[in-house]
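Trainee:
Residue numbers (this note's numbering): 1 to 255.
(1) Pair every Cβ in the segment 77-96 with every Cβ in the segment 216-223, then say whether three or more of these pairs are closer than 8 Å.
(2) Tell me whether residue 12 sits in a helix, a strand or coil according to DSSP, three-state version.
(3) Alpha carbon to alpha carbon, what distance is there between residue 27 and residue 197?
(4) In chain order, which beta strand (DSSP E) runs of at least 3 residues are fully inside the segment 5-79?
(5) Report the start-end ranges of each beta strand (DSSP E) in the segment 201-254 that is 3 residues or longer and not cut off at the edges.
(6) CA-CA distance, residue 135 and residue 143?
(7) Within the continuous alpha helix (DSSP H) that includes residue 110, where are the two ends?
(8) Tell me which residues share the same chain as residue 30 and place their Cβ nearer than 8 Å to its Cβ, disregarding the 5 neighbours each side in the sequence.
(9) When you compare the CB positions of residue 221 and residue 156, do they come within less than 7 Å of one another, or not?
(10) Under three-state DSSP, which class holds residue 259?
(11) Any chance the segment 102-119 sits against the segment 227-241, with 3 or more Cβ pairs inside 8 Å?
(12) With the cut-off set at 7 Å, would you say residue 119 and residue 2 are in Cβ contact?
(13) Is DSSP giving residue 188 helix, strand or coil here?
(14) Start and end of the alpha helix (DSSP H) containing residue 138?
(15) Are at least three pairs of beta-carbons, each pair with one atom in the segment 156-167 and one in the segment 182-198, less than 8 Å apart?
(16) Checking 7 Å against the spacing of the C-beta atoms, do residue 36 and residue 250 come in under that value?
(17) Where does residue 132 sit, in a helix, a strand or coil, going by DSSP?
(18) In whole angstroms, what is the alpha-carbon distance linking residue 98 and residue 209?
(19) When the Cα atoms are used, what is the spatial distance from residue 116 to residue 172?
(20) Looking at C-alpha atoms only, which residue of 40, 128, 178 is the closest neighbour of residue 114?
(21) Among all the DSSP beta bridges, which residues are the ones paired with residue 161?
(22) Report the rounded CA-to-CA distance for residue 34 versus residue 180, giving the unit in angstroms.
(23) For residue 193, name the three-state secondary structure that DSSP assigns.
(24) Under the three-state reduction of DSSP, which class applies to residue 179: helix, strand or coil?
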């Protein structure tokens with residue numbers, strides 16, 4: 001089975017322009033994501049997909065694999081799909097599963113990638129998986145940059161939102177929220193199918209790709225991770241993550 005990781009990245013983030021090359025303990029954030037993804041033994045290759053020469057230049061400077069894509073993509077999944085086809089064309093080898101790894105997850109552990117793949121290994125009817133993690137505090141639950149998700153009893157997504165879901169009417173009840181961790185494996189053909197589907201109203205309103213799948217009546221499997229990770233959406237997030245990564249054990253493998 002040919003499994004690859006693709007890290008879509010661009011300099012033009014609306015919330016934090018230029019963040020892929022912002023340094024965390026001396027290394028650009030995209031470098032942390034790339035090096036840590038490469039530590040996953042279940043990935044045959046890892047690529048960064050970008051439309052920006054600055055990111056391409058950095059990747060080439062570390063002898064990393066980089067695929068240049070169009071600058072018109074609105075969604076990370078669109079960029080990933082284009083890169084997938086280009087990689088197949090270059091390598092003359094069909095890909096079975098592509099793991100879309102967001103470039104703003106510098107704390108990812110390679111074991112998290114394996115966790116995301118397990119449902120695909122166990123069930124051929126599952127086409128896409130989202131890793132999820134429990135939210136630590138209500139402040140994080142209130143943050144619209146954190147995508148919240150509610151799940152059914154079989155660990156399929158019911159809904160994704162930037163709002164705090166579910167709502168707890170009983171204020172005394174113990175509250176539990178889950179967030180999407182942006183490590184998302186697709187079966188190859190399903191990513192291309194997903195990419196061909198019309199965007200949907202809730203997807204556009206919430207700006208969450210996975211809602212397109214739910215609105216078309218299909219399923220997203222969820223798998224929980226216990227690894228602690230924080231995405232970087234703002235400069236404040238960057239400073240917070242940099243402190244957490246000062247003594248990160250994985251950094252010793254590539255710094």
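Glycine included, C-beta positions come from ideal geometry on N, C-alpha and C.
Just so you know, these numbers come straight off a predicted model, no measurement behind them.
Mentor: In short:
(1) no
(2) coil
(3) 37 Å
(4) 45-50, 66-68
(5) 221-224
(6) 11 Å
(7) 110-122
(8) 7, 9, 20, 21, 48, 55, 58, 59, 103
(9) yes
(10) Residue coverage of the chain in this structure runs from 1 to 255, which leaves residue 259 outside it and unanswerable.
(11) yes
(12) no
(13) helix
(14) 138-142
(15) no
(16) yes
(17) strand
(18) 16 Å
(19) 33 Å
(20) 40
(21) 148
(22) 20 Å
(23) helix
(24) strand
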